[in-house]
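Undergrad: Protein chains in written order, with this note's numbering: chain A, 68 to 388; chain B, 68 to 388; chain C, 1057 to 1398; chain D, 1057 to 1398.
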Amino acid sequence: MTREIPYIQAIMEAITEEMQRDPNVIFYGQEQAVSDEDPMVVAFGRKRVRPTPISETAEIGMAVGAAMVGLRPVVELLMTDFILVALDQVVNEAARVYFKTAGRVKVPIVLKAGYGFAAGWSVQHANCWYNLFMGVPGLKVVVPSTPADAKGLMKAAIRDDNPVVYLHNYMLTLVPGPVPDGDVEVPIGVADVKRSGRDVTVIATGWMVQRSLEAADLLAQEGIDVEVVDPRSLAPLDLDTLVASVEKTRRVVLVDQAPRHASASALIAAEIAERAFGALTTPPRLVTALDTSVPYSKPLEDAVIPSVERIVQAIREVVQA
Amino acid sequence: MTREIPYIQAIMEAITEEMQRDPNVIFYGQEQAVSDEDPMVVAFGRKRVRPTPISETAEIGMAVGAAMVGLRPVVELLMTDFILVALDQVVNEAARVYFKTAGRVKVPIVLKAGYGFAAGWSVQHANCWYNLFMGVPGLKVVVPSTPADAKGLMKAAIRDDNPVVYLHNYMLTLVPGPVPDGDVEVPIGVADVKRSGRDVTVIATGWMVQRSLEAADLLAQEGIDVEVVDPRSLAPLDLDTLVASVEKTRRVVLVDQAPRHASASALIAAEIAERAFGALTTPPRLVTALDTSVPYSKPLEDAVIPSVERIVQAIREVVQA
Amino acid sequence: MHPLPYPDRERALWIYRQMVRIREFEERVKRTFTEHPGMIRGHTHLGDGAEATIVGAIAAIRPDDYVLATYRCHGYLIALGSSPRAMMAEIYGKATGLSHGLAGSMHLADPEHQFLGTSGIVGQGIPHATGVALAIQVRGSDQVVLCFFGDGAAKQGAFHESLNIASLWKLPVVYILENNLYQAVTRVEMEDANAAAGEPLSTKARAYSMPGVTIDGTDPIAVLTTVANAVERARRGEGPTLIESVFYRFSAHGNIIVPPPVPLHFEEHEALTIYQCADEYEQWRQRDPIPRFRAWLGGIGVSEDELVAIESAAREEMDDAVRFALESPWPEPDILQRYVYA
Amino acid sequence: MHPLPYPDRERALWIYRQMVRIREFEERVKRTFTEHPGMIRGHTHLGDGAEATIVGAIAAIRPDDYVLATYRCHGYLIALGSSPRAMMAEIYGKATGLSHGLAGSMHLADPEHQFLGTSGIVGQGIPHATGVALAIQVRGSDQVVLCFFGDGAAKQGAFHESLNIASLWKLPVVYILENNLYQAVTRVEMEDANAAAGEPLSTKARAYSMPGVTIDGTDPIAVLTTVANAVERARRGEGPTLIESVFYRFSAHGNIIVPPPVPLHFEEHEALTIYQCADEYEQWRQRDPIPRFRAWLGGIGVSEDELVAIESAAREEMDDAVRFALESPWPEPDILQRYVYA
Ligand SMILES: Cc1ncc(C[n+]2csc(CCOP(=O)(O)OP(=O)(O)O)c2C)c(N)n1
Ligand SMILES: Cc1ncc(C[n+]2csc(CCOP(=O)(O)OP(=O)(O)O)c2C)c(N)n1
Ligand SMILES: [Mg+2]
Ligand SMILES: [Mg+2]
């Protein structure tokens, strides 16, 4: 059985269910649980659910410490941009403990952070920062694009014994979708073919999955059969699924909400170029945000973020090359 | 005329000369200028040269502020790893001011930081973090590999009106090389062919340039003629020079001291795959650090960082493919 | 209240005029959400309630001094003399905006009026202001910097690192901690150890061996007097001061946070929507700095006509700013690449 | 000095034994640079001079309490009962090391002995320790955490953010600020505003409405007494304490920083190499905690034989650790991938 629920509700359901299941899971962050009527406070009490000061370094660092002795903290960080003041705690602390201690200390934490709020949030609040995380050994990074993935990946993230950066796209917040009932995990590190097709593989994450699927629908009317693959997890990266798709379609377009050199797509393109070079009939094609900051004004923002039209155009060019 | 001087001396000469030339240049950082006999203190006084507390966020943030009103601060950050506690100041503050103010406020700062100290500095001190910086619009990133580049790029960085992340490889610290006399700038954004060859292009930065040149010498004895190109600046990236080389040799190996998805090489490989696909006869080949943290023990560290042998082997495979 | 002649009548009227201009501007920003839905995007933060602190502080500086603040920034620019037209146009994302629509409400900047801008990342503007003070010291001038930030921001590492250095190096900066009792939706005693212990937030100055003082931020003359002392101290090269100015904001932290196409609006203040403390809210409403200062001006003999003239001029000016912004053209995408590198 | 029976004779001898064991271990680490050049790589930091603080503090806790510290970490593990063999082997990069050579001197960890590890990034271990205290509180146990860090670290944002939360939430953690008067090569009054003003660094506790106290860190019993009080307070759920323990390190900050093939070694202390203050150095040498505590033990009737026995046992134990580490095999590269993901 499935229900239709919004993306954000799917995320919060997963956290709530995991907190019910495992008393070691705690949840805190800024502007959380401030009222006694907050449903999390009512369900789990003020020890396990807390509001925090604006102290990201302490918030993340404390999660690392609490995890060292067996808790499984989920930290609400609001926007990924806010992690930048505390990046060391993520990439040079949390991700290194297991290695430094040769497996004697684990850091099972989930850092929940929204990203890509291309809705007038402007220069400092609308960025996509996956490049900060996906190259760091020891860190897992997930980027769900549907409510079902959002719920299943949050469950997997909380159960994972490693630090997981859980990036949810703000543009998807209220988008509804079917979510299976019951305790369904989506494994980290497994890509998902969101639409299967023969002519070209589109690799996209987050909000760009939606736009790529729209582009695929439009192109279907022209007889172009697009396969859309969502890596879902950027680290580890399910290259086998991505490469298999490209080997089938022999063409690849990579759609990304970040500028080129901050994109996950460029890294994936390099992998595909190395692993599936022989299969490719055309160059791997990147469709990314323009190489500039995210501007405030709507017409400017629209020009920066890959639109359905730009995606359609790129796919058409690749298929017709 | 040229003199043979070590890499680190070339860097400090450039800073000193620029401070002599321009009273707006200031220099500060931890463990700097503590003694009254410090040559910088003697030359420029305690207003322009200062030791700081261990406060990277303030150190970098103050440089941003001082630059807003016309100074040109050079901040000594010791290790790039230490920037992580203050990453916001670099990538979401310094790099955004010019854009946010539509050009009305500039931030000419230089962040000098060593990296890649693969000499037993272990998990948290020996990393290569260029991926944190090179995808950020508005930021410039340079990675000199010789004393001459080190001096010329530091001069260019100080004179540049943008924030520049100046990354010097610790393994090169004492390596000597010819440096031209006089006021010679090396322009930011211009790659350099360190060795010209016909059979294969090797793209490498920092310490890996040296190892790639050694590999090229060994392969020359086998009759393999290797071209080694050093981008020198990762942002902006001189793709024209890189692509031209690949179009000539039709093969490319990218050598990088970072793990695959933290490497500059993967991003460059994606660009080359897109721009020079038709010219390539073999897949772009990445030779990076293993996807693990930098370990302490020598045999382990040696296994992680690309060795001359691994580079030779990869080039041989690519040429013989 | 305060005896004249400090500030003199003209200065007092200047203060009142700026406070009213700020309030009128903010009200129009807020009404835009209902009157011109979709025109303001993203996140907007209002300073209604902060006028006495903003204007009192700015009244204490010279035209060549500098000011930096946060995303809640409209008021400073107005008091400093920026064009409300260019500000409103920026908030509406228009080509005629201060940054041609690149920045929006959170990032107004006007270096021509000594306002060097804001960071939308909490606390991160504090080192910038400190760095401006460093530049002043390196150059040997006697300018000063006012650095405004919130009670919440004082819990960010950047605050701590900056104040230590400013005190150590005796930099000419005055830190104005605007304690509006809330960090977004969180009450200050839920996130600040001093507040939880019933101590003023200016206690933090002790950690930096710096003078710290707490003042009534609803009284522009108290603010002016205190800031003026701190500014003079800074000008004399004696170093920074931490001033906690306590007041209340009357609007919610910001407009609601939702993705398109849900229309944006401002909810009521968190005291009402979350904490059910209508009392608290009402008590602070009684202390609204604008009517209080108006009454004080009446007390020193300013006529009702004079006050009404100030108020209607402000209303007209801000109506004009809205009209200007509405009628202005959208920016062209070619500016996107123009401001990547200098 | 302190009257018996606190601590009792046996406890006092335990303290002395640990202090001597630490010193002997550190001396062997230092001598490795000359006796076995190349065996230690990267950066190594010694705690000679810190023994009274380390051991006095650890003497105040229970076996189920936790300890976290910095890259300057050898002493804590020794006092907590870690194997000097496995420690030295880690410092030499051998397969028999605590982390099989993955970590090295800066990152010793021994969770079996309640030592959860270190961060090599200044200040970043402070929130970790605070988080361990959070876990204790969530679980409702009465354990406590000792969190050691340097005077320099107190200028990092992580310090500020952590102490505010610990006080606000009344977390069971004792912060021990080891003021050894130097931040690497920088004197504390050049980088700390309190120190520059002649105030103790424990003044910083005021910013968090937390008790703060400064003690003589060369006297293990002063340390023990103060830490024990703070530990009891934390156990009772009354929250954290900031203890500034003042002492001196006798070696340079760390070995010299150069790339291979230049051989590494320790220079003299910065007071001698940079500041030409032989007096300062000598005065602190007079206060070396080990001979002082030895004399005190003599005063309470511990015989010379007993003391010599402790000392020669420690020497033998640490000679054995060096031999063990030298003879141990190098790790195999297959472990590199084993510890990426759990
Ligand atoms: C580093 C960071 N964390 C979180 C946020 C989200 N945020 C924006 S404003 C705000 C509250 C700030 O409160 P305060 O400093 O008291 O200023 P006020 O808004 O009351 O003026 C928060 C949490 C942010 N912008 N930056
Ligand atoms: C964030 C960061 N900045 C700089 C360094 C370099 N560094 C390592 S130890 C040290 C000095 C630390 O001084 P203190 O905190 O007093 O501790 P001590 O070494 O005296 O025990 C510095 C600057 C670092 N490791 N991390
Ligand atoms: Mg506030
Ligand atoms: Mg110290």
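Here a beta-carbon is modelled for each residue, glycine too, at the ideal position from N, C-alpha and C. If you're wondering where the values come from, they're calculated on a predicted model, not measured in any experiment.
1. Cα separation between residue 1211 (chain D) and residue 119 (chain B)?
2. Could you tell me which residues DSSP pairs with residue 14 (chain B) in its beta bridges?
3. Short of 8 Å in beta carbon distance, which residues of its chain neighbour residue 372 (chain B), apart from the five on each side in sequence? Order them along the chain.
4. Is residue 1082 (chain C) buried or exposed, if buried means 16 or more other CB atoms sit within 10 Å of its CB?
5. Would you be able to state if there are at least three C-beta pairs under 8 Å between the stretch 1103-1112 of chain D and the stretch 1142-1159 of chain D?
6. Quick test of your reading: residue 1205 (chain D) and residue 1179 (chain D), contact by CB under 8 Å. State the CB separation rounded to the nearest angstrom.
7. Run down chain A in chain order and give the residues with a C-beta less than 8 Å from the C-beta of residue 1184 (chain D).
8. Going by the C-beta, is residue 1304 (chain C) closer than 6 Å to any heavy atom of ligand 3?
9. Mind checking if residue 1057 (chain D) is an interface residue toward chain B, Cβ cutoff 7 Å exclusive?
10. Determine the chain G residues that contact residue 149 (chain B) at a beta-carbon separation under 9 Å, and present them in chain order.
11. Based on the DSSP output, what are the partners of residue 139 (chain A) in its beta bridges?
12. Should the stretch 1097-1105 of chain C be regarded as contacting the stretch 1294-1301 of chain C, the criterion being three or more beta carbon pairs within less than 8 Å?
13. Just to confirm the assignment, what range does the beta strand (DSSP E) spanning residue 1297 (chain D) have?
14. Going by the C-beta, is residue 1128 (chain C) closer than 6 Å to any heavy atom of ligand 1?
15. Quick one: does the C-beta of residue 91 (chain A) sit closer than 6 Å to a heavy atom of ligand 3?
16. Is there a C-beta anywhere in chain C that falls below 7 Å from the one on residue 1141 (chain D)?
17. Pull out every residue of the stretch 1201-1229 of chain D whose Cβ sits closer than 7 Å to any Cβ of chain A, in chain order.
18. If the criterion is Cβ atoms closer than 7 Å, does the pair residue 1197 (chain D) and residue 1166 (chain D) meet it?
19. Would you call the stretch 1267-1283 of chain D and the stretch 1225-1236 of chain D touching, i.e. three or more CB-CB distances under 8 Å?
20. Return the chain-ordered ranges of every alpha helix (DSSP H) run that is complete within the stretch 187-244 of chain B and spans a minimum of 4 residues.
21. Just by C-beta distance, which residues in the stretch 1077-1102 of chain C are closer than 8 Å to chain A?
22. What's the call for residue 1068 (chain D), buried or exposed, on a 16-neighbour Cβ count within 10 Å?
23. Rounded to a whole number of angstroms, what is the C-alpha to C-alpha distance between residue 385 (chain B) and residue 159 (chain A)?
24. Beta carbons nearer than 8 Å to chain B: which residues of the stretch 1328-1343 of chain D have them?
25. Listed in chain order, which residues are found with a beta carbon closer than 6 Å to a heavy atom of ligand 4?
26. Could you name each continuous beta strand (DSSP E) segment of 3 residues or more that falls completely within the stretch 1174-1210 of chain D, going from the start of the chain to the end?
27. Would you list the residues sitting across from residue 1235 (chain D) in a DSSP beta bridge?
28. DSSP state of residue 259 (chain A), grouped into three classes?
29. What I want to know is whether the C-beta of residue 1177 (chain D) ends up closer than 6 Å to one or more non-hydrogen atoms of ligand 2.
30. What is the DSSP secondary structure of residue 73 (chain B), reduced to helix, strand or coil?
31. Taking 7 Å as the threshold (C-beta atoms), are residue 253 (chain B) and residue 220 (chain B) in contact?
32. Indicate the three-state DSSP secondary structure (helix, strand or coil) for residue 1131 (chain D) in the structure shown.
33. Which residues share a DSSP beta bridge with residue 1230 (chain D)?
34. Output yes or no for whether 7 Å exceeds the beta carbon distance between residue 166 (chain A) and residue 205 (chain A).
35. Buried or exposed for residue 1364 (chain D), please, with buried defined as at least 16 other CB atoms from any protein chain shown within 10 angstroms of its CB.
36. Say the cut is 6 Å; is the CB of residue 149 (chain A) nearer than that to a heavy atom of ligand 1?
TA: In brief:
1. Taking the straight line from one Cα to the other gives about 10 Å.
2. In this structure chain B extends from 68 to 388, so residue 14 (chain B) is not present and cannot be described.
3. Only residues of its own chain outside the window of five on either side were considered, and among them 185, 324, 356 and 361 have a CB closer than 8 Å to the CB of residue 372 (chain B), listed in chain order.
4. Around the beta carbon of residue 1082 (chain C), 16 or more other beta carbons sit within 10 angstroms, so the residue counts as buried.
5. Short answer: they don't touch.
6. Between residue 1179 (chain D) and residue 1205 (chain D) the Cβ distance is about 7 Å, and since that is below 8 Å, they are a contact.
7. Under a criterion of Cβ atoms nearer than 8 Å, the residues of chain A adjacent to residue 1184 (chain D) are, in order, 128, 129, 131, 132, 135 and 160.
8. No, the beta carbon of residue 1304 (chain C) sits no closer than 6 Å to any heavy atom of ligand 3.
9. A caution first: residue 1057 (chain D) carries a pLDDT of 43, below 50, which makes its placement in the model too unreliable to give a value.
10. As a matter of chain content, chain G is missing from the structure shown, whose protein chains are A, B, C and D.
11. Answer by DSSP bridge pairing, in chain order: A:92.
12. No: fewer than three Cβ pairs fall under 8 Å.
13. Per DSSP, residue 1297 (chain D) belongs to the beta strand (DSSP E) from 1297-1302.
14. Within the chosen limit of 6 Å, ligand 1 reaches the beta carbon of residue 1128 (chain C) through at least one heavy atom.
15. Taking non-hydrogen atoms of ligand 3 into account, the C-beta of residue 91 (chain A) is found less than 6 Å away from none of them.
16. No, residue 1141 (chain D) does not count as interfacial toward chain C.
17. So the close ones are 1213, 1214, 1217, 1218, 1220 and 1221.
18. Contact flag unset, no.
19. In short, these stretches touch, since the Cβ pair count reaches three.
20. Qualifying alpha helix (DSSP H) stretches, in chain order: 197-200 and 214-226.
21. Within the stretch 1077-1102 of chain C, the residues whose Cβ lies closer than 8 Å to some Cβ of chain A are 1096, 1097, 1098 and 1099, listed in chain order.
22. Residue 1068 (chain D) is classed as buried because its beta carbon has at least 16 other beta carbons within 10 Å across all chains shown.
23. Using only the alpha carbons, I get a separation of about 34 Å.
24. Residues of the stretch 1328-1343 of chain D with a Cβ closer than 8 Å to any Cβ of chain B, in chain order: 1330 and 1331.
25. The set, ordered by position in the chain, is D:1206, D:1207, D:1208, D:1236, D:1238 and D:1239.
26. Scanning the stretch 1174-1210 of chain D from its first residue to its last, the whole beta strand (DSSP E) runs of 3-plus residues come out as 1201-1206.
27. Paired residue(s): D:1302.
28. In the structure shown, the three-state DSSP call for residue 259 (chain A) is strand.
29. A distance criterion of 6 Å places the beta-carbon of residue 1177 (chain D) in contact range of ligand 2, judged by its closest non-hydrogen atom.
30. In the structure shown, residue 73 (chain B) sits in a strand (DSSP, three-state: E or B).
31. Remark: C-beta atoms of residue 220 (chain B) and residue 253 (chain B) approach each other more closely than 7 Å.
32. Annotated three-state conformation of residue 1131 (chain D) is helix, per DSSP.
33. The partner list for residue 1230 (chain D) (beta bridge, DSSP) reads D:1202 and D:1297.
34. Yes, they are a contact pair.
35. Residue 1364 (chain D) comes out exposed.
36. Yes, since a heavy atom of ligand 1 falls inside the 6 Å radius drawn around the Cβ of residue 149 (chain A).
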